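Enquirer: Here it is, the structure, as structure tokens.
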């Protein structure tokens, strides 16, 4: 719409003009930057690890090093299993703490599990992470075979890997062979200056890796976005940084190798053989295959879909990803189902690689389809139609991640969606320890009976793969915590953390976009709101920003002064047909200004201005709320006051006995 625009610098720091708005106090809230955790202050330019002592039977007793905390000492026994097979020693691990870089020499098939945020580049050989295969540049690899080692003046292509403790920790594996067919991906290019080049060469000369070893460069990548995420809520402290039980102090901030038995709350990503077999079956299929991943909650369904995506990207330049999980989507914000084109590896949990560019998105206003099952099925059907009619999407593989609701109505929704999707592969992640969680064993036969001969679709044999236990990693984090991370990342970090090193700007510090209500429809779903309470029900909430093609276009010249003060409220509380709508993203209503001539909404959103100008519908859903961490920049500090018996002092939260206003 033509009336929507970015506010210019005005009378205050967030660009909102003076008014009688009761929420104007939010303008004074400043971003509070938390102190970083675990920063190494050592000035030693080069550090190496002494050889570990060995006990009878080969059990590791302790790791000693110069300036490193290490893992102390531990006794290997039958009940303790290290998360890594790689062992840091003076001949396998050297660091330059001043540059926060390390060089590792790994034997074939050795694994290194870690917590943190790092940039990784193989200097020789190849590594794999969650199905993604990353290879060394041939010119660089050749330089590591000639002693004394001297890297060529070239650009290194690094991949960012994010491994927080909210999920099972990622594992770097040294591959025994290098596939010449894998597609080369240059996600982050790092130009080596002469000083850094000399330091890497010195580390290589100190390491002196054998010619058959995989050599890996690791660089710290703890940025403002990481530090701010860790400080936004108390439970997110040390997500990427800080030591853990069983960890090895590498001397590099944000790189915490787990070389000993880990704490009970940490686990490593495990890839069962059944996963590898299922992926190979898909890779050997046609290019236009559609893979639907099904299963109940907490069985590793999303983890497998990520592993499958990365494995396909080794072979294809891009693929389609249909995100059908409303509560914990992979690439979209909460309450949205969407269709994406993915061309970069997914080397982290969902909140680290949210993608704002979609082929098609539908906002449903809730974190579960139970409130709008018909609208949910209609939205998924529209995404399937979009994929089938798009020339680019229908010629590449498609991965579909479904909801974990597979019982009762969820079973019916899944069945009808599969018959609409018509996948070439159906992969069922099953939990053998709790068979009642799984779909019935004859699910394929049920689908075939529902399809009948009139559908002209042959249901493929369902591939059963084993679940991975994610209860350990999720024991300290609830579904609400994951949704908070999703929304915090979406609103505060403008780009994917996987392909860029983004900044972090809290909504209270962002310049909002202004939008006149004269050309915008407003809809409330999942509940009715009296017209006189519309503005109050919108303020401080998260809304869907939607382009409704069925809404007649109205030129600005046709809007008289009287109509500018009117609100175009949709009477229906039912989600509009997905065929006519496209959600460009979510918005946080920062404030509302009601003047004598018009009503203006001030919206915080990462959506680009050229797309916002097309928005003509704002949808407020009752299925989820804005987390406290989005309303104030120092939510962690304020919530800490509750333990002291004090009020949390959070905007839009009313205490008992208060009629209205901000605490």
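Residue numbers (the numbering used here): 8 to 670.
In this text, a Cβ means the ideal position worked out from N, Cα and C, and glycines have one as well.
Small disclaimer: the values here were computed from a predicted structure and weren't measured.
1) Relative to the C-alpha of residue 442, which residue among 529, 306, 518 is closest?
2) At 4 residues or longer, and completely inside the region 451 to 491: list those alpha helix (DSSP H) runs for me, N to C.
3) Does DSSP put residue 531 in a helix, a strand or coil?
4) How would you write the range of the alpha helix (DSSP H) that residue 380 sits in, first residue to last?
5) For my contact list, residue 511 and residue 613 are in at a C-beta cut-off of 8 angstroms; report their separation, rounded to the angstrom.
6) Tell me residue 265's beta-bridge partners as DSSP assigns them.
7) Return the CA-CA distance between residue 672 and residue 501, expressed in angstroms with no decimal places.
8) Under DSSP, the alpha helix (DSSP H) around residue 522 begins and ends at which residues?
9) Just verifying my parser: in three-state terms, what is the DSSP assignment at residue 58?
10) Cα-Cα, which of 322, 155, 487 is closest to residue 374?
11) What residues match up with residue 600 in a beta bridge as DSSP calls it?
12) Have a look at 586, 114, 131, 109 and flag the residue whose alpha-carbon is nearest the alpha-carbon of residue 391.
13) Rounded to a whole number of angstroms, what is the C-alpha to C-alpha distance between residue 241 and residue 459?
14) Considering only residues of the same chain and omitting the five flanking positions on each side of residue 336, which have a CB-CB separation below 6 angstroms?
15) Would you tell me roughly how many angstroms separate the C-alpha atoms of residue 309 and residue 114, rounded to the nearest one?
16) Within 10 angstroms of the Cβ of residue 313, are there 16 or more other Cβ atoms? Answer buried if so, exposed if not.
17) Determine the burial state of residue 589: buried for a count of at least 16 other Cβ atoms within 10 Å of its Cβ, exposed for fewer.
18) Could you give the distance in angstroms between the alpha-carbon of residue 232 and the alpha-carbon of residue 601?
19) So, do the region 358 to 366 and the region 517 to 529 have three or more beta carbon pairs nearer to each other than 8 angstroms?
20) Do you know whose CA, among 243, 394, 291, lies nearest residue 328's CA?
21) In chain order, what residues of the same chain lie with their CB nearer than 8 angstroms to the CB of residue 237, ignoring the 5 residues before and after it?
22) With the cut-off set at 9 angstroms, would you say residue 383 and residue 315 are in Cβ contact?
23) Apart from the five residues just before and just after residue 427, which ones in its own chain have a Cβ nearer than 6 angstroms to its Cβ?
24) With residue 330 as the anchor, note down where its beta strand (DSSP E) starts and where it stops.
25) Terminal residues of the continuous beta strand (DSSP E) containing residue 368?
26) Considering Cα atoms alone, identify which of 340, 293, 462, 507 is closest to residue 402.
27) If you draw a straight line from the C-alpha of residue 163 to the C-alpha of residue 550, how long is it?
28) Starting from the C-beta of residue 483, find all residues in its chain whose C-beta is less than 6 angstroms away, skip the five residues before and the five after it, and write them out in chain order.
29) Would you list the one or two residues that DSSP bridges to residue 592?
30) Three-state secondary structure (DSSP) at residue 101?
31) For the putative contact between residue 623 and residue 526, defined by C-beta atoms under 8 angstroms, what is the C-beta separation to the nearest angstrom?
32) Rounded to whole angstroms, what is the Cα-Cα separation between residue 205 and residue 414?
33) Where DSSP assigns a beta bridge to residue 142, which residues make up the other side?
34) Is it a yes or a no for the region 196 to 216 touching the region 95 to 111, going by three-plus beta-carbon pairs under 8 angstroms?
35) Report back the beta-carbon spacing between residue 628 and residue 580 to the nearest angstrom; my notes put them in contact at under 8 angstroms.
Expert: Short version:
1) By one-based count along the chain shown, residue 442 stands at place 435. Of the candidates 529, 306, 518, the one whose C-alpha sits nearest the C-alpha of residue 442 is 306.
2) 478 to 481
3) Mapped onto the chain shown, residue 531 falls at position 524. Here residue 531 sits in strand by DSSP.
4) In the chain shown, the residue the question calls residue 380 occupies position 373. It spans 380 to 396 - the alpha helix (DSSP H) in which residue 380 sits, taken as one unbroken run.
5) Locating residue 511 in the chain shown gives position 504, counting from the first residue. Locating residue 613 in the chain shown gives position 606, counting from the first residue. Their Cβ separation, rounded to whole angstroms, is 12 angstroms, which puts residue 511 and residue 613 out of contact at 8 angstroms.
6) Translated into positions along the chain shown, residue 265 becomes position 258. DSSP lists 254 as partners of residue 265.
7) What the structure shows of the chain is the stretch from 8 to 670, and residue 672 is not part of that stretch, so it cannot be assessed.
8) Within the chain shown, residue 522 is the residue found at index 515, counting from 1. It is not in any alpha helix (DSSP H) - residue 522 instead sits in the beta strand (DSSP E) that spans 520 to 523.
9) For this step, residue 58 is matched to residue 51 along the chain shown. Low confidence applies here, because residue 58 scores a pLDDT of 37, under 50, leaving its location unreliable; read the following figure in that light. It is coil, neither helix nor strand.
10) Along the chain shown, one-based indexing puts residue 374 at 367. Nearest option by C-alpha distance: 487.
11) As a first step, residue 600 is located in the chain shown; it is residue number 593 there, counting from the start. In the DSSP output, where bridge partners are listed per residue, residue 600 has 607.
12) Within the chain shown, the letter at position 384 stands for residue 391. The candidate whose alpha carbon is nearest that of residue 391 is 586.
13) Counting from one through the chain shown, the residue named residue 241 turns up at place 234. Counting from one through the chain shown, the residue named residue 459 turns up at place 452. Near 53 angstroms, if we compare the C-alpha coordinates of residue 459 and residue 241.
14) Indexing the chain shown from 1 puts residue 336 at position 329. 330.
15) Start at 1 with the first residue of the chain shown, and residue 309 comes out as number 302. Start at 1 with the first residue of the chain shown, and residue 114 comes out as number 107. Approximately 30 angstroms, taken between the alpha carbons.
16) What you label residue 313 is simply residue 306 of the chain shown in a count that begins at 1. Residue 313 should be labelled buried.
17) Within the chain shown, the letter at position 582 stands for residue 589. By the neighbour-count rule (16 or more Cβ atoms within 10 Å), residue 589 is buried.
18) As a working note, residue 232 is residue 225 in the chain shown. As a working note, residue 601 is residue 594 in the chain shown. Cα to Cα, residue 232 sits roughly 35 angstroms from residue 601.
19) no
20) Within the chain shown, the letter at position 321 stands for residue 328. Minimum Cα distance to residue 328 is reached at 394.
21) Translated into the one-based positions of the chain shown, residue 237 becomes position 230. So the list reads 41, 44, 243, 244, 245, 246, 247, 248, once near-sequence residues are dropped.
22) The residue you call residue 383 lines up with position 376 of the chain shown. The residue you call residue 315 lines up with position 308 of the chain shown. Cβ distance not < 9 angstroms, so residue 383 and residue 315 don't count as in contact.
23) Translated into the one-based positions of the chain shown, residue 427 becomes position 420. If we look at residue 427 and ignore the five residues flanking it on each side, its Cβ neighbours are 388, 391.
24) Taking the chain shown and counting its residues from 1, one reaches residue 330 at position 323. First-last of the beta strand (DSSP E) with residue 330: 326 to 330.
25) As a first step, residue 368 is located in the chain shown; it is residue number 361 there, counting from the start. Run containing residue 368: 367 to 370, per the beta strand (DSSP E) assignment.
26) For this step, residue 402 is matched to residue 395 along the chain shown. Considering only alpha carbons, the answer is 293.
27) As a position in the chain shown, residue 163 is number 156, starting the count at 1. As a position in the chain shown, residue 550 is number 543, starting the count at 1. If I take the Cα positions, the gap works out to 42 angstroms.
28) Taking the first residue of the chain shown as position 1, residue 483 is located at position 476. Once the five neighbours on either side are set aside, the close Cβ partners of residue 483 are 272.
29) One-based indexing of the chain shown puts residue 592 at position 585. Paired residue(s): 552.
30) By 1-based counting over the chain shown, the position of residue 101 is 94. Residue 101: strand per DSSP, three-state reduction.
31) For the purposes of this step, residue 623 is identified with residue 616 of the chain shown, where counting begins at 1. For the purposes of this step, residue 526 is identified with residue 519 of the chain shown, where counting begins at 1. With 8 angstroms as the limit, residue 623 and residue 526 qualify as a contact, their Cβ atoms being about 6 angstroms apart.
32) What you label residue 205 is simply residue 198 of the chain shown in a count that begins at 1. What you label residue 414 is simply residue 407 of the chain shown in a count that begins at 1. Straight-line Cα distance between these residues: approximately 60 angstroms.
33) Here residue 142 corresponds to residue number 135 of the chain shown, with the count starting at 1. Beta-bridge pairing links residue 142 to 133.
34) yes
35) Numbered from 1 along the chain shown, position 621 holds the residue referred to as residue 628. Numbered from 1 along the chain shown, position 573 holds the residue referred to as residue 580. About 10 angstroms; that fails the 8 angstroms criterion.
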